[in-house]
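Student: I have a structure I would like to understand better, so I am pasting it below and will then ask my questions one at a time.
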Amino acid sequence: MADNSNDEVPETETNAAEGAYWRENIRLLVTLMSIWFICSFGAGILFRDWLDQFSIGGYPLGFWFAQQGSIYIFIALIFVYVIRMKKIERKFDLDD
Amino acid sequence: METQTLIYLFVGASFALYIGIAIWSRAGSTKEFYVAGGGVNPVVNGMATAADWMSAASFLSMAGLIAFMGYDASVYLMGWTGGFVMLALLLAPYLRKFGQFTVPDFIGTRYYSKTARVVAVICLIFISFTYIAGQMRGVGIVFSQFLQVDITMGVIIGMGIVFIYAVLGGMKGITYTQVAQYCVLITAYMVPAFFISFMLTDNPLPQLGLGSQLNDGSGTYVLQKLDNLLVELGFNQYTAGTKSTIDMFCITMALMVGTAGLPHVIVRFFTVPKASDARKSAGWALVFIALLYTTAPAIGAFGMYNFINQTNETEYAEADSWFKNWEGADLIAWQDKNEDGVMQYRAGNAFEGKPEFTGETGPSGERIVANAPNPDTANEVYVDRDIMVLANPEIANLPGWVVALMAAGGLAAALSTAAGLLLVISSSVSHDLLKSTFAPNISAKSELLAARAAATAAIVVAGYLGIYPPGWVAQVVAFAFGLAASSLFPAIFMGIFFKSMNKEGAIAGMISGLVFTFSYIVYFKLMAPDLNVAENWLFGISPEGIGVIGMLINFGIAIAVASVTAKTPLEIRKLVDSIRVPRGAGDAHAH
Chain A
1 MADNSNDEVP ETETNAAEGA YWRENIRLLV TLMSIWFICS FGAGILFRDW
51 LDQFSIGGYP LGFWFAQQGS IYIFIALIFV YVIRMKKIER KFDLDD
Chain B
1 METQTLIYLF VGASFALYIG IAIWSRAGST KEFYVAGGGV NPVVNGMATA
51 ADWMSAASFL SMAGLIAFMG YDASVYLMGW TGGFVMLALL LAPYLRKFGQ
101 FTVPDFIGTR YYSKTARVVA VICLIFISFT YIAGQMRGVG IVFSQFLQVD
151 ITMGVIIGMG IVFIYAVLGG MKGITYTQVA QYCVLITAYM VPAFFISFML
201 TDNPLPQLGL GSQLNDGSGT YVLQKLDNLL VELGFNQYTA GTKSTIDMFC
251 ITMALMVGTA GLPHVIVRFF TVPKASDARK SAGWALVFIA LLYTTAPAIG
301 AFGMYNFINQ TNETEYAEAD SWFKNWEGAD LIAWQDKNED GVMQYRAGNA
351 FEGKPEFTGE TGPSGERIVA NAPNPDTANE VYVDRDIMVL ANPEIANLPG
401 WVVALMAAGG LAAALSTAAG LLLVISSSVS HDLLKSTFAP NISAKSELLA
451 ARAAATAAIV VAGYLGIYPP GWVAQVVAFA FGLAASSLFP AIFMGIFFKS
501 MNKEGAIAGM ISGLVFTFSY IVYFKLMAPD LNVAENWLFG ISPEGIGVIG
551 MLINFGIAIA VASVTAKTPL EIRKLVDSIR VPRGAGDAHA H
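First to last, the protein sequences are chains A and B. Each residue of the first sequence is one higher than the one before, starting from 1 at the first, in UniProt numbering. Each residue of the second sequence is one higher than the one before, starting from 1 at the first, in UniProt numbering.
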């Protein structure tokens, strides 16, 4: 997901605002996708056994992440992205 | 009123509603047929996407899978929701900004090649038909359970209904019928769940009820109780898994990436006005989907708990009427191995395969099965997984109108997905194969006619696959995800994020990903099902999860080929720049 080095090649005629906008977008993407990975694959699968020693109500914690928690976090991630992207777009005057 | 009369009433009323909407929102132009005119509100589109997405498998089979698999079924819960994060963040806004009608449109234009477009159409048709076969089978099963017709007749009725709104209304008709179908299916799913959760835990919210204590005064939590019950009967603990970590990981990933690559889901994001609306819309879709997906684990666990309580160590003669009803529908069977007249439910199959009833009744009044008993287990009960949702209202003793609602909901789920799939097939044939590849001079009017003809043909093929299904519903669906993950997703992703990906790379990647995944699945599922065990799998990855390896192969080959072939032309680099910024998406449909 790393940015493409060709962005700097002048022939693509990427203007400065668009380049900066894209870099901020990629930074936000990497952050949110990391959370996405940690909550589902991390908490729900890889570290599930360790997390299961804790519990939320009657849910073992790892099991909760796998069957409930990660879904709530997914929703939150998308809406955070919607809001942050709107801000970034306005900042570079590229919004639709 | 009789439950059966109520079912006819509810199902009939919901069909009348869908057909009414289809006539009201009839498509007049190709743009309306392909992308509903491109002006759908993001919340409305989210709801339509949710209905499109949640299939007969989600509605009927998922809670059952969770009930019988416990923690292992988390792959479906995370996999089928996590893909929407990828869609919202990685694909949807850019595809909307690109502003064409179909997925092969994007691939064909971005990779400046008719070959790439045709390869994408082949991938798309492959994926859609494997998926739709399961849906039509689902339609047939629901009809036969609730309307007292056989499965073939059920499939044919379903084909007729889908024909009316998919062929007449195109994407526009489908969008608004799907909104109605979402409302029907989510009500049908939630109502019994509220009741059952409240009856067992005093908490009507199933999401919270599942983490609560049982209200039988024992003070034990639902999941704890279920763990104990299952272990006592010789099953695995409900909250512990049996799948290996690598397999859990790969299946979840394949389902996520597959979701993000499924063409009938992607095209739904072409119908909103702006690129930023595509992001919003993916968020709303996930909200509407999560309502059902966070409820399913509760239905599964409560269903299993009720099932064990009401069957195990219960005298057959004393069993509730639901048991006998569903025994009559071939979904439950009891073989009194120790001849004590009492049902024992234990781990293991009571007998080999599906029950074959002899037509006679035994000493307790049960339907006798001809299958040879399995001597390795004391289990006497055969139960079909789908029963957890279908029989839920009856198991919990809910009134007839809830059962009727359930029937309407199940049909809504299967029909909405079938319609969405039919549409991507027909638009690919008419738009990508005819208009863009083989007959570029075709008039808009003939293109619309071709789209309708293609939709009709697709319905006939889908109906045939529904009547003579290639496999069990959920199994066939898993196929589609692996193929989508290994073929379409990488091509679209690299089209947006790797400017130097060229046509040679993309085509080589798509073909190798598809061929690898397809052969692996066909080998283990169809050619050598006896060898389909963990020891024989590549890295211990089951056919359900192999799409991940297919995807990596696709990425690897594409990048390798692209690095030794010609650079992407300047105008394509400009195109990628333009889809990366949201400005100007509103008029993109004008061309």
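Note that beta-carbon positions come from the ideal geometry of N, C-alpha and C, so glycine has one too. Source: prediction; values computed, not measured.
Give me, in chain order, the residues of the same chain whose beta-carbon lies closer than 6 Å to that of TYR305(B); leave out the 5 immediate sequence neighbours on both sides.
Tutor: Here residue 305(B) refers to the residue found at position 305 when the second sequence is read from its first residue. Around TYR305(B): LEU226.
Student: Is any beta-carbon of chain B found at less than 7 Å from that of GLU24(A)?
Tutor: Here residue 24(A) corresponds to residue number 24 of the first sequence, with the count starting at 1. Not an interface residue.
Student: Closer than 8 Å by beta-carbon distance: list the chain B residues that pair up with LYS86(A), in chain order.
Tutor: Position 86 of the first sequence, counting from 1, holds the residue named residue 86(A). Per Cβ cutoff of 8 Å: SER276.
Student: What residues of chain B sit near VAL82(A), judged by a beta carbon separation below 7 Å?
Tutor: Within the first sequence, residue 82(A) is the residue found at index 82, counting from 1. Under the 7 Å cutoff, chain B gives ARG279, LYS280, GLY283.
Student: Output the boundary residues of the beta strand (DSSP E) element that contains PHE357(B).
Tutor: Along the second sequence, one-based indexing puts residue 357(B) at 357. Segment 357-361, the beta strand (DSSP E) holding PHE357(B).
Student: Check this for me: beta carbons of PHE10(B) and ALA404(B), under 7 Å apart or not?
Tutor: In the second sequence, the residue the question calls residue 10(B) occupies position 10. In the second sequence, the residue the question calls residue 404(B) occupies position 404. Cβ atoms of PHE10(B) and ALA404(B): closer than 7 Å.
Student: Tell me the rounded alpha-carbon separation between PRO355(B) and ALA480(B).
Tutor: Within the second sequence, residue 355(B) is the residue found at index 355, counting from 1. Within the second sequence, residue 480(B) is the residue found at index 480, counting from 1. For PRO355(B) and ALA480(B), the distance between alpha carbons rounds to 29 Å.
Student: Nearest to PRO297(B) by CA position, among PHE194(B), PRO363(B), SER512(B), is which residue?
Tutor: By 1-based counting over the second sequence, the position of residue 297(B) is 297. Selected option, being the one with the closest Cα: PHE194(B).
Student: Over the uninterrupted beta strand (DSSP E) stretch that includes VAL369(B), give me the two end residues.
Tutor: One-based indexing of the second sequence puts residue 369(B) at position 369. Here the beta strand (DSSP E) through VAL369(B) covers 367-369.
Student: For a contact meaning CB atoms closer than 8 Å, what does ALA66(A) contact in chain B?
Tutor: What you label residue 66(A) is simply residue 66 of the first sequence in a count that begins at 1. Within 8 Å Cβ-Cβ: TYR71, SER74, LEU77, MET78.
Student: In or out: ARG268(B) buried (at least 16 other Cβ within 10 Å) or exposed?
Tutor: Taking the first residue of the second sequence as 1, we reach residue 268(B) at position 268. Buried, since its Cβ has 16 or more Cβ neighbours within 10 Å.
Student: Could you tell me the distance, in whole angstroms, from the CA atom of ASP52(B) to the CA atom of LYS574(B)?
Tutor: Along the second sequence, one-based indexing puts residue 52(B) at 52. Along the second sequence, one-based indexing puts residue 574(B) at 574. If you take the alpha carbons of ASP52(B) and LYS574(B), they lie about 34 Å apart.
Student: Looking at chain A, is there any beta carbon in it that lies within less than 7 Å of the beta carbon of ARG580(B)?
Tutor: As a working mapping, residue 580(B) is identified with position 580 in the second sequence. Yes, contact with chain A.
Student: Can you tell which of GLU544(B), LEU185(B), LEU200(B) has the C-alpha that lies nearest to the C-alpha of MET248(B)?
Tutor: Here residue 248(B) refers to the residue found at position 248 of the second sequence. With distances taken between Cα atoms, MET248(B) lies closest to GLU544(B).
Student: In whole angstroms, what is the alpha-carbon distance linking LEU77(B) and ALA439(B)?
Tutor: Numbered from its first residue, the second sequence carries residue 77(B) at position 77. Numbered from its first residue, the second sequence carries residue 439(B) at position 439. Each residue's Cα considered, the two are about 43 Å apart.
Student: For PRO469(B), does the three-state DSSP call read helix, strand or coil?
Tutor: Within the second sequence, numbered from 1, the residue matching residue 469(B) stands at position 469. PRO469(B) falls in the coil class under three-state DSSP.
Student: Any beta carbon of chain B sitting closer than 7 Å to that of LEU94(A)?
Tutor: In the first sequence, counting from the first residue as 1, residue 94(A) sits at position 94. It does: the Cβ of LEU94(A) has a partner Cβ on chain B nearer than 7 Å.
Student: Specify the secondary structure class of TYR523(B) as computed by DSSP and reduced to three states.
Tutor: Taking the second sequence and counting its residues from 1, the one referred to as residue 523(B) is at position 523. Residue state, collapsed to three classes: helix.
Student: Exposed or buried, which one is GLU339(B) when buried takes at least 16 other CB atoms within 10 Å?
Tutor: Along the second sequence, read from residue 1 onward, the residue named residue 339(B) stands at position 339. Exposed, since its Cβ has fewer than 16 Cβ neighbours within 10 Å.
Student: Just to confirm my understanding: we take ASN349(B), look at its own chain, exclude 5 residues before and 5 after, and list those with CB closer than 6 Å. What are they?
Tutor: In the second sequence, counting from the first residue as 1, residue 349(B) sits at position 349. So the qualifying residues of the chain are ASN374.
Student: Name the DSSP bridge partner or partners of TYR18(B)?
Tutor: Translated into positions along the second sequence, residue 18(B) becomes position 18. According to DSSP, which records beta bridges pairwise, TYR18(B) is partnered with nothing at all.
Student: According to a CB-to-CB cut-off of less than 8 Å, which residues of the segment 297-314 of chain B neighbour chain A?
Tutor: Listed in sequence order: PRO297.
Student: Indicate whether ALA458(B) and SER487(B) have their beta-carbon atoms separated by less than 7 Å.
Tutor: The sequence position of residue 458(B) within the second sequence is 458, counting from 1. The sequence position of residue 487(B) within the second sequence is 487, counting from 1. For ALA458(B) and SER487(B), no; Cβs fall outside 7 Å.
Student: Measure from the C-beta of LEU205(B) to each C-beta in chain A and report whether the shortest distance is under 7 Å.
Tutor: Translated into positions along the second sequence, residue 205(B) becomes position 205. Not closer than 7 Å to any Cβ of chain A, the Cβ of LEU205(B) fails to qualify, so no.
Student: Closest by CA to ALA378(B), which one among ALA455(B), ASN536(B), VAL155(B), PHE351(B)?
Tutor: As a first step, residue 378(B) is located in the second sequence; it is residue number 378 there, counting from the start. Comparing Cα positions, the closest option is PHE351(B).
Student: Leaving out the 5 sequence neighbours to the left and right, which residues in its chain are closer than 6 Å to MET1(B) when beta-carbon positions are compared?
Tutor: As a position in the second sequence, residue 1(B) is number 1, starting the count at 1. Result list for MET1(B): empty, nothing under 6 Å.
Student: In chain order, what residues of the same chain lie with their CB nearer than 6 Å to the CB of LYS383(B), ignoring the 5 residues before and after it?
Tutor: Within the second sequence, residue 383(B) is the residue found at index 383, counting from 1. A small fix is needed here, since residue 383(B) is Val in this sequence, not Lys. Closer than 6 Å at the Cβ level, and outside the excluded window around VAL383(B), lie ILE332.
Student: Would you mind working out which of ALA56(B), ASN502(B), ALA485(B) sits nearest SER563(B), comparing C-alpha positions?
Tutor: Residue mapping note: residue 563(B) aligns to position 563 of the second sequence, counting from 1. Of ALA56(B), ASN502(B), ALA485(B), the residue nearest in Cα terms is ASN502(B).
Student: Tell me where the alpha helix (DSSP H) around ILE122(B) begins and ends.
Tutor: As a first step, residue 122(B) is located in the second sequence; it is residue number 122 there, counting from the start. Residues 114-147.
Student: From ILE496(B) to GLY261(B), what distance separates their C-alpha atoms?
Tutor: Taking the first residue of the second sequence as 1, we reach residue 496(B) at position 496. Taking the first residue of the second sequence as 1, we reach residue 261(B) at position 261. Whole-angstrom Cα-Cα distance: 14 Å.
Student: Is it right to say LYS274(B) is buried, meaning 16 or more other beta carbons lie within 10 angstroms of its own, or is it exposed?
Tutor: Here residue 274(B) refers to the residue found at position 274 when the second sequence is read from its first residue. Buried, by the Cβ-count rule.
Student: So GLU380(B) and ASP320(B) are in contact, right, with Cβ under 8 Å, and what is the actual spacing, rounded?
Tutor: Against the second sequence, residue 380(B) aligns to sequence position 380. Against the second sequence, residue 320(B) aligns to sequence position 320. So it is not a contact: roughly 17 Å between Cβ atoms.
Student: Which residues in chain A sit within 7 Å of TYR293(B), going by Cβ to Cβ distance?
Tutor: Working through the second sequence from its first residue, we reach residue 293(B) at position 293. Neighbours of TYR293(B) on chain A, chain order: ILE71.
Student: Return the CA-CA distance between MET388(B) and ILE164(B), expressed in angstroms with no decimal places.
Tutor: Locating residue 388(B) in the second sequence gives position 388, where the first residue counts as 1. Locating residue 164(B) in the second sequence gives position 164, where the first residue counts as 1. Near 32 Å, if we compare the C-alpha coordinates of ILE164(B) and MET388(B).
Student: Please state the DSSP three-state secondary structure of ASN83(A).
Tutor: Here residue 83(A) corresponds to residue number 83 of the first sequence, with the count starting at 1. The sequence shown places Ile at residue 83(A), not Asn. Of the three classes helix, strand and coil, the one that applies to ILE83(A) here is helix, per DSSP.
Student: With DSSP collapsed to three states, give me the class of TRP334(B).
Tutor: Numbered from its first residue, the second sequence carries residue 334(B) at position 334. Residue state, collapsed to three classes: strand.
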